Each structure stands twice: as structure tokens, then as C-alpha cells.
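Here the structure is laid out as C-alpha cells; the discussion comes afterwards.
There are 2 protein chains.
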Amino acid sequence: MSTQQLFNVAVVGATGAVGEQIRRLLEERNFPIASLKLLSSARSAGSVVTFKGKPVTVEEATPESFRGVDIALFSAGGDVSKALIPHAVEHGAVCIDNTNAYRMDPETPLVVPEVNIDKISEHKGIIANPNCSTIQMVAALKPLYDRYGISRIIVSTYQAVSGAGASAVTEMLRQSGEVLAGNDSNPAILPVSSLPVKHQIAFNVIPQIDKFQDNGFTLEEMKMIRETKKIMDDETLEVTATCVRVPVVYGHSESVYVELKNDFDVEEIKSLLSDSPGLVLVDDPSGQQYPLATDAAGKNEVFVGRVRRDLSNPRALNMWIVSDNLLKGAAWNAVQIAEYIAIPQR
Amino acid sequence: MSTQQLFNVAVVGATGAVGEQIRRLLEERNFPIASLKLLSSARSAGSVVTFKGKPVTVEEATPESFRGVDIALFSAGGDVSKALIPHAVEHGAVCIDNTNAYRMDPETPLVVPEVNIDKISEHKGIIANPNCSTIQMVAALKPLYDRYGISRIIVSTYQAVSGAGASAVTEMLRQSGEVLAGNDSNPAILPVSSLPVKHQIAFNVIPQIDKFQDNGFTLEEMKMIRETKKIMDDETLEVTATCVRVPVVYGHSESVYVELKNDFDVEEIKSLLSDSPGLVLVDDPSGQQYPLATDAAGKNEVFVGRVRRDLSNPRALNMWIVSDNLLKGAAWNAVQIAEYIAIPQR
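From first to last, the protein sequence lines are chains A and B.
For the first sequence, the UniProt record's numbering puts the final residue at 346, and the numbers step up evenly by one.
For the second sequence, the UniProt record's numbering puts the final residue at 346, and the numbers step up evenly by one.
The structure is reproduced here in C-alpha cells:
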């Protein structure tokens, strides 16, 4: 009989959409927890949630909250991560940050376990969780990168509203009801809650996720471009992204064109994808089977289909990649990293 | 004072989603009509619609319907076009066909007026209207093709449900109401009404429009690839398409990556697009202005925005193209062609 090491765990942003999934996954995975601290802003502090059948009171996150914490999972926005993570690190916690705060910091590993789990050993107290749309794409492309090499990726996304938070989901459902009733949608949150102009998302698609940069790309598009290169550890990789919000609750879909460096056989690629950990191949055109957001919702895996050789470039492949943006795109990837820290031999 | 020539006009599929728009546009444009025949299947025949304030009884389309007809606009499906157009041509009508029946026929010009109106003079009784998703893309790319040359196009579409007919729109709205009420969506029409497998479109995206071909592409994707080359009259053009249905009522959106043959200046491209007939540039990132399906609905123009130089390939451009699929994508393009036939000097 072996004794299992137990950990003092903190979840920051515990009442948010991702925090809720992190709590559920820690329960479901039977994570080796000695003590659990659920932390939030002052506004949500005091609320009581159930963890493994027992009530846990959510506390306000402060610099002192991390005393004695071994592993802290952050999903409360970049500003909270920037303010609190240095304190958590000082207190000796390993921080898994689900925000954009440290992703491009050269000292911070940016980790998708199926792609670069070896990088976690390089951490200096912080491990960054990539952007949701990046995670599912690199998870699906990594087996192809290793076998054939990749020179270029051109991706257009179809991103679910839950990526903008639970309030954006409520807003989309409200708008949908209004439009069905013949009323105005009165958009109030999307595309970007902190920006002045609002657009209807119900029965519409919006080609803006996050703020525009001077180069005409949005921050979401730049995240996909920069993070893909960092995770693949290849600055020569050419990546282009167009990120679009669609009226879907859970599950980002991606139309991906990828140029490989070496010849390939499409059937061999399908075998490779279906044999890779964390990936599920759903690719049966005659049976009309391909990944769908509604099917991926609630699942941890990345679903891949519509795999076909490009007609104009025999070295290029087109594919369709779908995953639950709150799970593999956020909470599950973070909990996976936490498991590798807690149980390194797994 | 000039006397205007008047035409005997027939609309086949007059009660369908596109036929309804054709009727509206013929009224609105004050098309020079001597007599109007509204034709349909036996099932819809006998219904009465109003044209310019007067009731018109819809008649069943038969080979004899086209006796004396000068211009016939077909939007009743490929099988109807194949069965009736040869008779209409024999009776001397010029047929503008909105179906896939004759588009790739080498004898039939495939026309988008802003791109290749000169081709209509080559017709032998039939002029084909391209696929909706193709029309808006080539209309937006033609000015770039002429000024800089285009070597490659990679497009991912976000296509409205009205492209699958009025019944598909009813179905999507019904499904949306069911999902909002917490019920099953019970999909019955999409992705392809004639195929057995159905998928939910409410709060989902479906990467299948029309049937799959042996090469793994759908027929819709192959239409975009083949038709673009034919309309641009350039078989060397490399085109890749991924066509996706989204829960939008009217208006196809397209994420387009295009490689130009010559150097360009982004501001010059924006001027070129905004000065081109039929195009409207909506491109103000700081003001969060870009084309949206909900804004394009009900309008004849093609809207272009998010124009930006690619970061990995300085000869490439990314852009976002939106247009009402029932108007420029179908009825308006067909009525434009009819106007060029009726009023060649325009």
C-alpha cells in the first residue's frame, strides 16, 4: 500500500465559468487535495458552494490567501493574476494561470500537456495555460508537426459565447428570445464588454474577439499566432488567424488549412490523429459524421474531422477541429497540468 | 421622349425564398415588363401573389409555359432547370438560371456583372447565376485581381440558413425556441434535406453544406473552387474552401486569405475596394466597425472589411466579406443580369 501525497489547493476565480469547471474536475478526478481554498473577488466572497458533498465558503482573494498553498489555479482575469501571482509564488505555491498575463513571458512555460508537458519542469512558480482557441489547435496539429513538419497554418475560428463568460451566454440566450419574439436584441456585452460598441450575437456572427491591435488583427488572433509558435517551440512557423464569435454556447470550432513539410498519406494522417492522446477522430463523410460543437460540449477531448488533402497544394491538408472551450480550452488543460505537478510519475 | 422596349418575363420557382426576392426586385427596379408569368411546381400553382398592386395567379411550370417568353429567371432547383430550360430556350427565351444545372457547362456563361458582364454576349440561351458564396467573394476580389493579380484564395464560410430555403429558416427558429425552452431540438432538415442524417443548427455550426464528394470536399466547396476559376477566367487560380452553416437567417460571411501576385499597399487596397461598384468598405477597427450579416440583410451590396496584411506572408491579405445570400447571392445578381439583357446600354 502506498501513501499518496496530498496538496493544499487554491482556485482563484472559483465562482466564474471556468472556476466552476475546475471545481467539478478536481472532484471528478479525485485530485489529491489536503485542503481546498476557493477564492474570488470581494463581490462573490461569502457565497457557499459544495465540494465533494461538503459546503465550502468562497473567500476574498488577497496576497495572504496563498500562505501554505501548494498549487493555485488562476482564472479571474489578467489583472487579478498580475496582482496576486507574485505573492502566491513568494508563498511557495505553483501557479497555473489561465489568463493572458504570463503566457508570453519567456520565463513562464506555456503548456498543453499533449504537446509540451516536458516544459513544466522549467517553471519558476508559474505555468501558463494557453488561450482556448490555441490549445485545441496545437493539440490536434502536434502529431502532424512531429511526423511531417508544419510550415504554415491558416485558421478561421467559430468561437462559442461562453468564452466571453457566463454573462455573455445569458446575454446571447436573452437576445435570441427577443429576436424570436420580434423584438430588438439590445446588445449589451459582446463583442468586448469593456469597449463601447455592442453588436447583436443572436443569429449573427461577429469578426471581433478582444481588442484590435495596430496591425489590424485582434488580440485573440495575435494570441493564436504567438502562442502557437511558443508552444510548438518554432518561431519559423507561419500562422494566420481570423477569430469569429458565433452564437454557440459551448465549443469552439476551427477551419484549419495546414501546409506540411513532407509528403503524407491522408489515411495515415487519420490513423495518426485517432491514435493520439486526447484526440478523437470523427471523420465519416458518407455517414455525415464530423465534429460538432454541440457534441463536444461537456467533453475533455479535442475532436478532429473533415480531414482532406488540399486540391491546389498536395502538401496541404484541411481539417475541422472542435473542443469545449471551457474544458480542454481552459479548466481541463489547467487541471491536467496540476495533475502532472501532483503526480509526476503518471 | 424615348420608347422603352418591354419584355415578357417568367419567374420559375416564384413562390420560393429567392423567387419572392426576384419578384420584389423586379417591382422595385421597375423592370420593363410587358407580361409577367409566375411559375411553380404543381403543388404551389393556383396561389395568388401581388405584383405592382395587382393579383397574379401562380401557374404550374410546363414546357409550354415559355411560349412567347423573352426572359425567364429560374430558381426552382437543378432538376427543374434541367427539365424546362431546354424547352424555354427552344421557345426563344433567354434563361437566367440560379441553380447548379448549367454553371460548369462550357457553353454557358457564368456571370457576376461586376466581374464579367462582357460574357453575357456569348450566351446560347442560358446564362448561369453562380453559387451565393461564390458571387460575393469574386465580386470583392475582382478589383484586387485586376490591379495586383491573385495566385491563391483560402476561404472559410459562415453561411446563413436561408441558403437552404425558407423551410430551413423556419426549422432553425423552431429549434432555437425549443433549445431556449430546454427541449430537444429534433432536427429535421439540415444539413442536407435529401440526406438521412440531421444535425441541430440552433446554437451550433455545421461543417457540411450539400453532399460530400469522393475527394472529401462538399459540393458547396467544389462549387466555390470551380466557379471562382470559371468566373475569373483563370484555371491557374488556386482556391480552397471550407463551407460551414451557421445559425444566421440572412447573410453569408466569409473569412478570406488571398495571396496577391504583386506588392500592395493596404490603404490603396481599401480605396480600391471602396471605389468599386457594388462593394461597400466597412473597415474601422478603432470604431469596431466591420461587415455583419445582420447589417447586410436586405441590402444588394457586398460588404468588405477587416482588410489587413498577413503577418507571415507580406504578399497576402486577410479580409471579411459579407452579403445577403438571397440578394447579391441570388435574386439581385439574377435581376442585374436580366437588366443587362433588357437594357444593354445601361
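All residues carry an ideal CB built from backbone N, CA and C; glycine is no exception.
These numbers were taken from a predicted model, which means no experiment stands behind them.
Inter-residue spacing [alpha-carbon to alpha-carbon] between glutamate 254 (chain B) and glycine 125 (chain A): 43 angstroms
Residue from B:Val192, B:Asp214, B:Thr157 with nearest C-alpha to isoleucine 206 (chain A): B:Thr157
Bridge partner(s) assigned by DSSP for lysine 82 (chain B): Note: lysine 82 (chain B) sits in no beta bridge, so no partner.
Whole-angstrom distance between glycine 251 (chain B) and alanine 164 (chain B), CA atom to CA atom: 12 angstroms
Per-residue DSSP class, three states only, for residue 347 (chain B): This structure cannot settle anything about residue 347 (chain B), because the visible part of chain B is limited to 1 through 346.
Simplified DSSP state of methionine 319 (chain A), which is helix, strand or coil: strand
Proximity winner among B:Glu114, B:Ser176, B:Thr134, B:Ile201, relative to isoleucine 273 (chain B) (alpha-carbon distances): Inspection of the sequence shows that residue 273 (chain B) is occupied by leucine rather than by isoleucine. Selected option, being the one with the closest Cα: B:Glu114.
Pairwise C-alpha distance: serine 65 (chain A) and alanine 342 (chain A): Separation of alanine 342 (chain A) and serine 65 (chain A) (C-alpha to C-alpha, rounded to the nearest whole angstrom) is 20 angstroms.
Listed by chain order, chain B residues near valine 249 (chain A) by CB distance under 8 angstroms: Phe203
CB contact check: glutamate 267 (chain A) to chain B, cutoff 8 angstroms: Not an interface residue.
Spatial distance of valine 69 (chain A) from proline 32 (chain A) (CA atoms): 13 angstroms
Outcome for glycine 19 (chain B) when other beta-carbon atoms lying within 10 angstroms are tallied against a minimum of 16: buried
Inter-stretch contact (C-beta, 8 angstroms, three-pair minimum) for the region 286 to 297 of chain A and the region 307 to 322 of chain A: Remark: three or more beta-carbon pairs, one from each stretch, lie closer than 8 angstroms, so the region 286 to 297 of chain A and the region 307 to 322 of chain A are flagged as touching.
Span of the alpha helix (DSSP H), counted from its first residue to its last, around lysine 223 (chain B): 219 to 232
Cα-Cα separation, proline 285 (chain B) to tyrosine 145 (chain A): 34 angstroms
Residues of the region 173 to 190 of chain B with Cβ closer than 8 angstroms to any Cβ of chain A, in chain order: Shown in chain order are the members of the region 173 to 190 of chain B whose Cβ falls below 8 angstroms from a Cβ of chain A: Leu173, Ser176, Gly177, Leu180.
8 angstroms Cβ cutoff met for alanine 101 (chain A) and glycine 78 (chain A): Yes; because the gap between Cβ atoms is below 8 angstroms, this pair is in contact.
Coarse secondary structure for threonine 108 (chain B), derived from DSSP in three states: coil
Short-range partners of chain B found in the region 233 to 264 of chain A, where Cβ spacing is below 7 angstroms: Glu238, Val239, Thr240, Thr242, Val244, Val246, Pro247, Val248, Val249, Ser253, Ser255, Tyr257
Whole-angstrom distance between isoleucine 85 (chain B) and alanine 76 (chain B), CA atom to CA atom: 11 angstroms
Touch test, the region 179 to 193 of chain A against the region 220 to 235 of chain A, Cβ-Cβ under 8 angstroms, three pairs minimum: no
Host alpha helix (DSSP H) of threonine 157 (chain A) (start-end): Unbroken run through threonine 157 (chain A) is the beta strand (DSSP E), 150 to 158; no alpha helix (DSSP H).
Best match in B:Leu6, B:Cys243, B:Lys54, B:Asp263 for proximity to valine 155 (chain B) [C-alpha to C-alpha]: B:Cys243
Interface residues of chain A facing valine 197 (chain B) [CB-CB closer than 7 angstroms]: Gly287, Gln288
Inter-stretch contact (C-beta, 8 angstroms, three-pair minimum) for the region 46 to 63 of chain B and the region 120 to 139 of chain B: no
Neighbourhood of cysteine 135 (chain A) by C-beta, 7 angstroms cutoff - its chain only, sequence neighbours within 5 removed: As written in the sequence, residue 135 (chain A) is isoleucine, which differs from the cysteine given in the question. Within the same chain, isoleucine 135 (chain A) has close Cβ partners Val112, Lys328, Gly329, Asn333.
Partner residues on chain A for residue 347 (chain B), Cβ-Cβ distance less than 9 angstroms: Limits of chain B in this structure are 1 at one end and 346 at the other, which puts residue 347 (chain B) out of reach.
Cβ neighbour criterion (16 or more within 10 Å) applied to valine 239 (chain A): buried
Under 8 angstroms from the C-beta of glycine 329 (chain A): neighbouring residues of chain B: The contacting residues do not exist; glycine 329 (chain A) stays about 16 angstroms from chain B at best.
Cutoff 8 angstroms: serine 162 (chain B) Cβ touching any chain A Cβ: no
Ordered list of beta strand (DSSP E) runs contained in the region 38 to 79 of chain B, each at least 3 residues: 48 to 51, 54 to 57, 71 to 74
Rounded straight-line distance, which links the Cα of threonine 99 (chain B) to that of lysine 299 (chain A): 40 angstroms
Valine 259 (chain A): first and last residue of the uninterrupted beta strand (DSSP E) it sits in: The residue you asked about is not valine; residue 259 (chain A) is glutamate in the sequence shown. Taken as a continuous stretch (DSSP letters only), the beta strand (DSSP E) holding glutamate 259 (chain A) covers 252 to 260.
Nonlocal neighbours in the same chain, by C-beta distance under 6 angstroms from proline 187 (chain A), ignoring five residues either side: Lys198, His199, Gln200
Collapsed DSSP secondary structure at leucine 273 (chain B) in the structure displayed: helix
C-beta atoms of isoleucine 209 (chain B) and arginine 245 (chain B) nearer than 8 angstroms: yes
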